[in-house]
Amino acid sequence: MQLALSRLPQQRQGEIDVLSAFPRVSLMNRQLTDEELVQLYQSCDVFVLPTRGEGWGRPQSEAMSMGKAIISTNWSGSTTFLTDSNSYPLPLSPSLPLVHPRSGPFNTHLWANPSVNGLKEIMRRVVENEEEVKEKGRQAREDMMTLWSPEAVADVLLQTIQDLFDRGEEGEREKEEDEE
52 MQLALSRLPQ
62 QRQGEIDVLS
72 AFPRVSLMNR
82 QLTDEELVQL
92 YQSCDVFVLP
102 TRGEGWGRPQ
112 SEAMSMGKAI
122 ISTNWSGSTT
132 FLTDSNSYPL
142 PLSPSLPLVH
152 PRSGPFNTHL
162 WANPSVNGLK
172 EIMRRVVENE
182 EEVKEKGRQA
192 REDMMTLWSP
202 EAVADVLLQT
212 IQDLFDRGEE
222 GEREKEEDEE
């Protein structure tokens, strides 16, 4: 088992130094290129992102599109596509409330506190259930290709536009009938 960590805050330097001593831990404390991200996704059995919040959840959706099972916080944008059958949704900490950042562009948002104990339990589960992990990865890829590919999203968008157009025509006809 190999652990790869990316973008660790400088205030965690002591922990970074401790982790660096382990031969099976890779630290990439910088922005990864697209190619490096693809390599990271390909190299892992399970993609783990105990995030405090995401817009859409691009890293999760990319890893899932590559057939990877993921462990990620069951919060924010990624709840749109995380399911028990295609991933390991990580619960929020029951003992820590949602928090408001104190400053910056997201100071009106709520940030999640992923459950550390939940993460430990799920990580043990994936180590002990290799076939389940593979099945979730297969389901993740199928769901991303079927429901969230650019073509699938374009179909939904076109149908929504058509529905709005049809309602607009219907409203115009009703208005004309009322005027007669």
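For the sequence shown, the tail end lands on 231 under our numbering, and the numbers increase by one without skipping.
In this text, a Cβ means the ideal position worked out from N, Cα and C, and glycines have one as well.
Residue span of the alpha helix (DSSP H) that contains residue i, given as start and end
i	result
T124	First-last for T124: A120 to T124, but that is the beta strand (DSSP E), not the alpha helix (DSSP H).
R170	The question names Arg, but residue 170 is Leu in the sequence shown. Its alpha helix (DSSP H) spans residues V167 to E179.
F216	P201 to E230
P145	Careful: P145 lies outside any alpha helix (DSSP H) and carries neither H nor E.
M79	No alpha helix (DSSP H) contains M79, which is instead part of the beta strand (DSSP E) from V76 to M79.
L133	That residue, L133, is in no alpha helix (DSSP H); it is neither H nor E in DSSP.
Residue i versus the options, residue with shortest Cα-Cα distance
i	options	result
R175	I212, Y139 and S112	Y139
E129	N137, Q111, S116 and M117	Glu is not the amino acid found at residue 129; the sequence shown has Ser there. That would be Q111, whose Cα lies nearest to the Cα of S129.
S146	F132, N168, H160 and T159	N168
E181	E202, M196 and V97	V97
P142	P156, V150, I122 and G155	I122
M117	P156, S136 and D194	D194
M115	T134, E179 and G65	T134
T131	S144, G106 and G155	G106
Beta-carbon proximity of residue i to residue j, cut-off 7 Å
i	j	result
W199	G104	no
K187	N125	no
S144	N158	no
Cβ shell of residue i (< 6 Å), same chain only, five flanking positions each side left out
i	result
E113	none
G108	G128 and S129
V99	I122
Distance between beta carbons of residue j and residue i, contact taken as under 8 Å
i	j	result
P101	L149	Not really, about 15 Å apart at Cβ, beyond 8 Å.
A120	A191	6 Å
L83	L91	7 Å
N-terminal and C-terminal residue of the beta strand (DSSP E) that residue i is part of
i	result
L100	V97 to L100
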